[in-house]
Every structure is written in structure tokens, then in C-alpha cells.
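As you go down the protein sequences, you meet chains G and C in turn. Here this note's numbering is used: position 69 in the first sequence is 69, and no number is missing along the way. In this note's numbering, each residue's number is its place in the second sequence (first place is 1) plus 311. Note that CB positions come from ideal geometry on N, CA and C, so glycine has one too.
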Amino acid sequence: MGSYVLRRLLAFPLLLLVVYAGAVLLVVAAPGEGLETGEKDLPPEVLAQKRAAFNFDQPWPQRYFWTWPKRLLWDGDLPAMRYEDWTVVEIIRAALPVSLQLGVLALGIAVAGGVGVGVLAATHRNRWPDFLATSLCLVGISLPTFVIGALLLIVFAVWLGAVPVGGWGRPEQTLLPAVTLALPYAAYIARLTRNALLDVFGEDYIRTARAKGLPPWQVLFDHALRNALLPVLSYLGPAAASIFTGSFVVERVFTIPGMGTHVVESINNRDHSLILATVLVYGVFLASFNLIVDLLYGLVDPRIRVGAKTQ
Amino acid sequence: MSARDESVWRKLRRRRGATAGLALLALLASACFASLGWSVREMRATRLSEARQSPSWRAPLGTDELGRSMLARTLYGGAISLSLGLLAASVAVIFGTAYGAAAGYVGGRVDALMMRAVDVLYALPYMLLVMLLAVSIGARLEQWGLAGAEWSRFIVLALAIGGVSWLTVARVVRGQVLSLRERPFIEAARSLGLPTHRILLRHVLPNLAGHVAVFATLTVPQAILQESFLSFLGVGVQPPQATWGSLAADGIRLLNPVQFAWWLVIVPCVPLALTLLALNFVGDGLRDALDVRARP
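Structure (C-alpha cells):
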């Protein structure tokens, strides 16, 4: 176990380097330096000054693999190419908490809603709650998030006027985006829960529990659900990772000033310094997240031996 | 058709969801591709005097903000969406199968190294990389004149989405090959002195077909959905090129309470949702019929 953790920790910087190098190659492969504004040519003096400010006097390997990382992480003074009044660090410091809050809320809704609906569907098998839940899940997986989000916005914000149309900061502004982000994951969790519960209901120990006269809710919560939730638990890792890194679309629909908005804007604007910084943030996040999840598996289910040789 | 194929076919047919899905897919795909000759011209025909018409006899599914027929645009977009999904799935399947089969068949240290690389790649921020790829490589293709503005994004998107979906295929195929490798018929082939590539192509590959088919079917809807996200974010196919996703994204962008052009959203979304549902049903049915049990 110890050596496994050590090996994973050693692989950590390597992984980051791979991610960062890949992003650098893509940035270099894109035509242009990212300094051109597109609409009109900059006066040569301004362009020269900009080039100097972003170290374009250096060859690109030195710029991207030494100067920029140093300015980004050590000095903290690398500006965003399109918003030169802001350093990349300032932008990320403002945006990251927003995306994290949204992600935590969405994950909570996905788990609570998904398990709840799944239990309801399994206990009412082939009756209307089951059919309703199944069809809702199908909608959840077959409509793009931006369509669901826009429909929710029209109904709840425009027609009912119950919540603000967009923005971030007040509690009532967080609900719709979190629900939208959670929906596809809730749908999948509901399906997992339902199927696992139905499997467990067929087991002998459930029959025993019922035969000895336990009330149905106790059979459900103490005996069935505990075992049925294992597949849900192992889906939580990938789900959380993709909820946290996949909020681009939802942030755009609800105009939320989070990481996703900056990622999309920086890529559309060829804002190279912001692109590389966001790639690094997401890389660190995903790598540490995967590590934590893998270690947690071993704690939750002792049958899974972490670090054991794969057959 | 061998006896085994026939039984799989029969099992698949017995599942109502999968059968309905297959029929629906066939219907949608033939409508989209058969009408291409007409829709490819009609989807560009702008009539500004007839902009934003709601569905009527003249324009069965309404018109968009430039007066283009939504019927033509949706049919054409469907053809592009489906091709993109198929292309991405083929890339994922071909590369994933080759990688997984090589790792599983060679085994040992090489296998461990190759699968470790897959583990590492699993932890990449994919949406971000696909977006970067689409923007930077797409622009390069265009600059080099390899493909026009319309098609360079399409090609790059299909390759990029396929290029990030192969990991799961590689894992599944490797697992299968590892168990196949120990089976007597492979041993027999080896003892007959067949060269490795022949064993892999003629004896291992046909036995992988079921697993690969399931994942291919489930990768197509994923690719179509991802393209729609990218279109919404402005890094999908570039106009006048259209997909169901990009049409829906355009509709959403034009949606406002003052002039409520609901058909611009509903019209592309209905076939999109139906296709995704149908593909998921067929994929699940295929998985049950072939009895494929594997980690997602």
C-alpha cells in the first residue's frame, strides 16, 4: 500500500507534464502568436511592447516550459493575453471557487436525487412511479444539457419568474444550474440504483429478512440499499471528476463566472496564457482526484486490494 | 450469417426497445441521407423576406433567422451528425482494438507499460483538449488548404472525439484478448506455426466483434452529444455547416421571450433525442444479446 501511494505520487508530476506539454504543442500548432486582436492590425510599437510583455523574444520551448510557468507559479505576474489588467492567477482565484461550489452542489443533487428516484422505481417496479422515473432518466441522457438548461430557464425564470435568469452570488441563482448540471448524472445513478436494488431483492438474505418479519423500510434501508449502493459508490469517482470539469456548457447557459467560462473564452480568443493556466488547474484537479478515489476504494470495500497486480 | 450470428440477431429482435430503436435509426438515417441531394442546396437558400416563420404549409418545419428551411437544415444536419458519430466511433474502435489487442497478446512488461499509459491518459481533461484540438488543428488544416473551412472542423472534431474515446475500447479488448490467448484454439493455431499477425487477424479479432460492436454503438451517441456541446460553446462545426447539435445551439442562442421561435430548438432536438435514445437502446440490447459484461 505504502509503495503504491508513493508510486502514484511520483507519477503525479509526470502526468501534469504530459498534460501541459500536450496543451503547449496545441498552442504552438495554432496559427499566429495569439497577440493579434483579429479586427485590425496593431501599431508596430504596441505589438513590440506586447511581444516583450509576453516573452515572445524567447524561443517557444524556453517561453512555454520555463519563463511562463515560472511567471505563473512563482512570480504570479503573468497577465491574461486578452485582459492585460488581470494576471492569470487573479482570474483563476476568482473563478475556481465558483465552479467548485457549483460542482459540489450538483454532485449532492445527483446523488440524492438519483438514489431517491432509483429506490422509488425499484420498490414500485412496473408501476407508474417506475415508468415515470425511467422516462425521466431517458430524457436526462438523450437531451443535450444546454437544451434542458434553456428549457428550465424559460419555465422557471421567464414564465414563472421564480428565479433570476443568470448570474452568480445569491443562493437562488445556484439552484437551476446545479440541477441542470446534475441531471444526466442523476439519471445514470437512478438507473444504477434501480438495477442493483432489483438484483439484491432476489437474494436469499432479503427473503430471510422479510420472513423474520422486519418492516419493509428496514429491509430496504438496512439490508438491501447498503449492498445496492456499491455500484453507485464506484461511479461517484468518475462522476465527480466529470461534473467538476464538465461545467463549461452549464456555466455558459446560466452566465456563471466560473472556470468553464474562462476555458471556453480563452480558447475562442486564443488567450494562450489563460489556456495553459486552466489546463494546469484541471490537470492538477483530475490527477489528485483520481488518486484520492483509488485510495478510497480500498477503504470502502476491503475486497478491492489497491495496488494489487492486475490480472 | 453463421448460426451464432443468427441467434444473436434473434435475441436482439426479441427486445422491443432494441427493435424499435433499430427501426427508428434506419428510418432517420435513410431520410437524412436519401434527401441529401435536395437538402445540401436547400439548407443554404436564404430568403430574408421569410425569416423566422413558424411551421406552416409553405415551410413545414418553419424557417430560421435567414429564412432557410428548417426541414432541409435538419435533414442535412442529421446526415452530418450521424457521419460524425460514425467516423468518431470508427476511429475509437480501430485504434482502441489495435492497441488493446497488441497489449493483451504480447502481454508481460509491454502490456503493463501500455495499460499504465492508458491509466494515465484517463486522467486528462478531455473536453478541454478536444476544444483546443478543434481550434488549433482545424485552423491549421484550413491554412494549409487541406480542407475548406466547413470540413476542416468536421474532420478534426471527428478525429478528436474518436481520439479520446478509444481508451475504454482498449481496456475492454485487452481483457478479452488476455482470456482468449489461453484458449485451446489459439494454442492450436500457434502450434501450427501460424504467424502472429495471422492469429490476431483471423482468430482473435472475430471473437472480439461482439464486445467491439457494443462499444461502437454506445460511442456514436456520445460523439453526437459531445459535438452538440462543442457547437454550443462555439468550437463545433462552423457555419454554414450544420449538425443537429449546432442547429439546436443556434436555436437556443436566438431564443428570447419577445420573439419566441420555439421551433428552432424543438425541430433539431427531436431527431437528436430520438437518435440518442435509439442508439442507447440498440447498444443495451446488443450488450444483453451478446452477453457482454464489462466495466463501462
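Check, Outcome
"Leu26 of chain G: which of C:Gly411, C:Trp574, C:Arg324 and C:Leu444 sits nearest, CA to CA?", "C:Leu444"
"What residues from the stretch 229-242 of chain G come within 7 Å of chain C, judged by C-beta to C-beta, listed N to C?", "none"
"For chain C, check one thing: does any of its Cβ atoms lie closer than 9 Å to the Cβ of Ile275 of chain G?", "yes"
"So that I know if they touch, is there some Cβ in chain G lying closer than 9 Å to that of Tyr410 of chain C?", "no"
"Could you check if Phe221 of chain G is buried or exposed, using at least 16 other CB atoms within 10 Å of its CB as the buried criterion?", "exposed"
"Would you call the stretch 518-528 of chain C and the stretch 555-562 of chain C touching, i.e. three or more CB-CB distances under 8 Å?", "no"
"State the beta-bridge partners of Pro79 of chain G as determined by DSSP.", "G:Thr87"
"Would Leu444 of chain C pass as an interface residue toward chain G - the criterion being a Cβ-Cβ separation below 9 Å?", "yes"
"Report the CB separation of Gly415 of chain C from Val484 of chain C in whole angstroms; it is logged as a contact under 8 Å.", "7 Å"
"Flag Ala584 of chain C as yes if its beta-carbon sits less than 9 Å from any beta-carbon of chain G, otherwise no.", "yes"
"Which residues in the same chain have their Cβ closer than 8 Å to the Cβ of Ala312 of chain G, if we skip the five residues on either side of it in sequence?", "Missing from the structure shown is residue 312 of chain G; chain G here goes from 1 to 311 and no further."
"If the cut is a Cβ gap below 7 Å, which residues of chain G does Gln454 of chain C touch?", "Pro31"
"Buried or exposed: Leu519 of chain C, going by 16 or more other Cβ atoms within 10 Å of its Cβ?", "buried"
"For Lys309 of chain G, name the three-state secondary structure that DSSP assigns.", "The predicted position of Lys309 of chain G is uncertain, since its pLDDT is 45 and thus under 50; a value taken from the coordinates is nonetheless stated next. Reduced to three states, the DSSP call for Lys309 of chain G is coil."
"Between which residues of its own chain and Ala500 of chain C is the CB-CB distance below 7 Å, once the five residues before and five after are set aside?", "Ile510 and His514"
"Can you find at least 3 beta carbon pairs, one from the stretch 368-385 of chain C and one from the stretch 564-583 of chain C, that sit closer than 8 Å?", "yes"
"How big is the Cα-Cα spacing for Leu175 of chain G and Gln218 of chain G?", "32 Å"
"According to DSSP, simplified to helix, strand and coil, what is Ala605 of chain C?", "In this prediction, Ala605 of chain C scores a pLDDT of 43, lower than 50, which makes its location untrustworthy; no coordinate-derived value is stated."
"Kindly give me the distance between the Cβ atoms of Leu192 of chain G and Val155 of chain G, rounded to whole angstroms, as I take these residues to be in contact under 8 Å.", "Going by Cβ atoms, the distance from Leu192 of chain G to Val155 of chain G rounds to 28 Å, so no, they are not a contact pair."
"Give a yes or no on contact between the stretch 11-21 of chain G and the stretch 419-435 of chain C, applying the rule of three or more CB pairs nearer than 8 Å.", "yes"
"If the criterion is Cβ atoms closer than 9 Å, does the pair Leu335 of chain C and Leu585 of chain C meet it?", "yes"
"Scan the stretch 504-575 of chain C and note each continuous alpha helix (DSSP H) run of 4 residues or more that stays entirely inside, going in chain order.", "516-543 and 555-564"
"Within the 9 Å Cβ cut-off, does Phe248 of chain G reach chain C?", "yes"
"So which residues of chain C does Ile292 of chain G contact, with C-beta pairs closer than 9 Å?", "Per Cβ cutoff of 9 Å: no residues; Ile292 of chain G is ~12 Å from chain C at best."
"Rounded to a whole number of angstroms, what is the C-alpha to C-alpha distance between Gly167 of chain G and Thr255 of chain G?", "6 Å"
"Would you mind working out which of C:Tyr410, C:Val581, C:Met354 and C:Ser318 sits nearest Asp422 of chain C, comparing C-alpha positions?", "C:Tyr410"
"What does the alpha-carbon distance come out to for the pair Trp320 of chain C and Thr134 of chain G?", "26 Å"
"As a quick exercise: from G:Asp271, G:Thr208, G:Val24 and G:Gln101, pick the residue whose alpha carbon is nearest that of Ala182 of chain G.", "G:Gln101"
"So, at 7 Å on beta carbons, what are the nonlocal neighbours of Ala228 of chain G in its own chain, with the 5 sequence-adjacent residues on each side left out?", "Thr193, Ala196, Leu197 and Val200"
"Would you say the stretch 343-359 of chain C touches the stretch 383-395 of chain C, given that touching needs at least three Cβ pairs under 8 Å?", "yes"
"Assuming contact is defined by CB atoms lying nearer than 9 Å, are Ala331 of chain C and Ala589 of chain C in contact in what I supplied?", "yes"
"Let me see if you follow: with CB-CB separation under 9 Å, is Val576 of chain C close to chain G or not?", "yes"
"For the alpha helix (DSSP H) that contains Asp312 of chain G, what are its first and last residues?", "Chain G is shown from 1 up to 311; residue 312 of chain G falls before or after that span and cannot be answered."
"According to DSSP, is Ser502 of chain C helix, strand or coil?", "helix"
"Span of the alpha helix (DSSP H) holding Arg191 of chain G?", "Leu175 to Phe201"
"Using only the alpha-carbon positions, how far apart do Leu16 of chain G and Arg598 of chain C sit?", "36 Å"
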